[in-house]
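Q: Submitted below is the structure of interest, expressed as structure tokens.
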Amino acid sequence: MKLFYKPGACSLAPHIALRAAGATFELEQVDTTKKTTASGSDYQQINPKGYVPALLINSGEVLTEAPAILQYIADLYPAAALAPSPHGLARARLQEHLNFISSELHKAFSPFFGAAPLADTERPAVVENISRRFAIFEAQLSKGGPYLMGDTFTVADAYFFVVANWANFVDISLSQWPRIAHYMDRASDLPAIKQAMAAEGLIN
1 MKLFYKPGAC SLAPHIALRA AGATFELEQV DTTKKTTASG SDYQQINPKG
51 YVPALLINSG EVLTEAPAIL QYIADLYPAA ALAPSPHGLA RARLQEHLNF
101 ISSELHKAFS PFFGAAPLAD TERPAVVENI SRRFAIFEAQ LSKGGPYLMG
151 DTFTVADAYF FVVANWANFV DISLSQWPRI AHYMDRASDL PAIKQAMAAE
201 GLIN
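Residue 51 in full-length UniProt numbering sits at position 51 of the sequence shown, and the numbers go up by one each step.
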């Protein structure tokens, strides 16, 4: 398999999942502005959507969208226990988390990473939107933990960690959500997260 990624983008989530699963895979960086890969390929021929992530499967097919790729990895490596069984409420809860992270929290950060810089007058509303989403995760973590679904790290945690970590790059302090701050400290020590971030040049 080959994961097409951009350092620190949401593609870091499947990168973490692949490492947590013990998968054998390749990485190829994408310039999402020029729509080219590190090897010089036209990225839009690989993924017409033009953004990351994309996973080139050994069959030759390409899978896109972080939630879909994350669940594919979890199902491909069941021994890694990155997702509950495909049947039952627990799997539906995983899907619930992935959908909310993708459609709400991830989307809420989008104004910070648009083509045009975010205007100072627009920042308060964007931060408030993000804060409302973080408050939901803060409440979720108060019900147990240490991870989103209890004692087990899942692909939902890989995605949440990546998006929540963006707060550090846009001057939003996670200390106002102490459970999330503790979660991030704990997760950042996990080998799969440290290895993926180091491979993308995000940490030493």
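The C-beta atom is built at its ideal place from N, Cα and C for all residues, glycine as well. In this text, all values refer to a predicted model and were calculated from it rather than measured experimentally.
(1) Apply the 10 Å Cβ neighbour rule to Thr-37 and answer buried if 16 or more other Cβ atoms are within range, or exposed otherwise.
(2) Exposed or buried, His-15, counting other C-beta atoms within 10 Å across all chains shown (16 or more means buried)?
(3) Are the beta-carbon atoms of Ala-81 and Thr-152 separated by less than 7 Å?
(4) Going by CA-CA distance only, name the one from Val-170, Phe-25, Ile-180 and Ala-158 that's closest to Phe-137.
(5) Just to confirm, is the Cβ distance from Pro-111 to Leu-118 under 7 Å?
(6) Identify, in the order they occur along the chain, each residue of the same chain with its Cβ nearer than 8 Å to the Cβ of Pro-86, setting aside the five sequence neighbours on each side.
(7) Run through the DSSP bridge pairs and tell me what Glu-26 is partnered with.
(8) Shortest alpha-carbon distance to Cys-10 belongs to which of Gly-201, Pro-178, Ile-203 and Tyr-159?
(9) Taking its Cβ as the centre, do 16 or more other Cβ atoms sit within 10 Å of Gln-44, making it buried, or is it exposed?
(10) Per DSSP, which residues does Ala-54 bridge with? Please list them.
(11) Going by the beta-carbon positions, is the gap between Leu-98 and Ala-156 smaller than 7 Å?
(12) I'd like to know whether the C-beta atoms of Ala-83 and Thr-154 end up nearer to each other than 7 Å.
(13) Residues in the same chain with beta-carbon distance under 7 Å from His-106, minus the five sequence neighbours each way, listed in chain order, please.
(14) Quick check on this structure: which residue in Phe-113, Leu-3 and Gly-144 has the alpha carbon closest to the alpha carbon of Phe-169?
(15) Go to Phe-161, then tell me how far its alpha helix (DSSP H) extends in each direction, as first and last residue.
(16) Comparing alpha-carbon positions, which option in Trp-166, Met-149, Ser-173 and Ser-188 lies nearest Ala-90?
(17) Who are the Cβ neighbours of Phe-161 in its own chain at under 6 Å, not counting the five residues just before and after it?
(18) Measure the alpha-carbon distance for Asp-189 versus Leu-174 and round it to whole angstroms.
A: Concretely, from the data shown:
(1) Its Cβ being crowded by 16 or more others within 10 Å, Thr-37 is buried.
(2) By the 10 Å Cβ count, His-15 comes out buried.
(3) Pairing Ala-81 with Thr-152 gives a Cβ-Cβ distance under 7 Å.
(4) Checked all of Val-170, Phe-25, Ile-180 and Ala-158; the closest Cα to Phe-137 is Ile-180.
(5) Less than 7 Å separates the beta-carbon of Pro-111 from that of Leu-118.
(6) Once the five neighbours on either side are set aside, the close Cβ partners of Pro-86 are Asp-75.
(7) According to DSSP, Glu-26 shares a beta bridge with Lys-2.
(8) Of the residues Gly-201, Pro-178, Ile-203 and Tyr-159, the one whose Cα lies closest to the Cα of Cys-10 is Tyr-159.
(9) Counting Cβ neighbours within 10 Å, Gln-44 comes out exposed, since fewer than 16 surround it.
(10) Residue pairing of Ala-54 in beta bridges, as defined by DSSP: Phe-4 and Thr-64.
(11) Cβ distance < 7 Å, so Leu-98 and Ala-156 count as in contact.
(12) Taking 7 Å as the Cβ cut-off, Ala-83 and Thr-154 qualify as a contacting pair.
(13) Excluding residues within five positions, the ones whose Cβ falls inside 7 Å are Cys-10 and Val-163.
(14) Closest option to Phe-169, Cα to Cα, is Phe-113.
(15) Where Phe-161 is concerned, the enclosing alpha helix (DSSP H) stretches over 155-165.
(16) Taking only the C-alpha atoms, the option nearest Ala-90 is Met-149.
(17) Answer for Phe-161: Ala-187, listed in chain order.
(18) If I take the Cα positions, the gap works out to 17 Å.
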